[in-house]
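Anchor point for the sequence shown: position 31 equals 1402 in this note's numbering, and the numbering is continuous, going up by one each time.
Working notes, structure below.
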Amino acid sequence: MKLKKVTLYYREMKDWLDMANYELEGKNVIIFKTTEGGFGIRHQCHGWKPCDKVWTANGLNPSTVIAVASHKVIKELLDVFSRATYMVNRFISETERKVFLSEMEEELLNIAAR
């Protein structure tokens, strides 16, 4: 699995990290799971909630919203994505990758629940 299908693109990560606090204030984000098993975040639009389908970059495969998170935890979510971006190229096997993604999903859901 390519890195870009596992976590945020570097460009997207940089865009989120470069946002000032006032730009994030009051804006919830959704955490979504791609059909390939990866994760991403977007600003919440159209009242999206868990289990809704959202279209992402390729426009072909809808991703599933797994959580809605407050703007107050965005930096924590980005920390999880930063670690994943670093870790994902270091997997030896598919099983190892799946275990990591499962743990990542649990961590994202725990942060979103705060």
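Even for Gly, the Cβ is constructed at its ideal location relative to N, Cα and C.
- Relative to the Cα of Leu1431, the nearest Cα in the group Thr1406, Tyr1393, Thr1466 and Asn1399 belongs to Thr1406.
- In terms of CA proximity to Phe1452, Leu1480 leads the group Gly1397, Asn1392 and Leu1480.
- Non-local C-beta neighbours of Glu1447 in its own chain, meaning closer than 7 Å and more than five positions away in sequence, comprise Ile1482, ordered along the chain.
- In the structure shown, His1417 falls within a coil segment according to DSSP collapsed to helix, strand and coil.
- Given a length threshold of 4 residues, the segment 1431–1455 has no whole run of the alpha helix (DSSP H) inside it.
- Taking Glu1478 as the centre and dropping the five residues before and after it, the same chain places the C-beta of Val1451 closer than 7 Å to its C-beta, in chain order.
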